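Asker: Please see the structure below; I have some questions.
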Amino acid sequence: MSDSTNVPRADNTGSATRHQAGWFDIRNVIGLLMLIYGVVLILMGLFFTTDADKAKTEDINANLWTGLALLVVGAASASAATGGSTTARAIRWTAW
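Each residue of the sequence shown is one higher than the one before, counting from 218 in the working numbering.
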């Protein structure tokens, strides 16, 4: 068989420009949703948590702590998706 065929070959030389993720990339959407839910939970934890709610979780404000965690993870996710800082690139998950 001959090496000369009519099938185009992929150019793996790295000369192609890198495509950046758009605004509707799934990482941006998920990061934004986590940020929104984090803010909502922080507000609920700060202003609308009763003593009965805290008694259910052994005097831990679960809404506040979960909201803070979601805020951090959402910010890291959105930052990593857009290229972000060196810190955001350092915590970028291998799946991305």
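Glycine included, C-beta positions come from ideal geometry on N, C-alpha and C.
What you are looking at is a predicted structure, and each value in this text was computed from that prediction instead of being measured.
#1: Could you check if Thr-303 is buried or exposed, using at least 16 other CB atoms within 10 Å of its CB as the buried criterion?
#2: Can you list, in chain order, the residues of its chain whose CB lies under 7 Å from that of Gly-262, leaving out five sequence neighbours each side?
#3: Less than 9 Å separating the beta-carbons of Gly-291 and Ile-247?
#4: Helix, strand or coil, according to DSSP, for Gly-239 in the structure here?
#5: How about Gly-255 and Val-289: are their beta carbons less than 9 Å apart?
#6: At what residues does the alpha helix (DSSP H) containing Thr-283 begin and finish?
#7: Considering Asp-270, what are the terminal residues of the alpha helix (DSSP H) in which it resides?
Answerer: This is what the structure holds:
#1: A caution first: Thr-303 carries a pLDDT of 49, below 50, which makes its placement in the model too unreliable to give a value.
#2: Asn-278, Asn-280, Leu-281 and Gly-284
#3: yes
#4: coil
#5: yes
#6: 279 to 298
#7: 268 to 273 is the span of the alpha helix (DSSP H), which, as asked, contains Asp-270.
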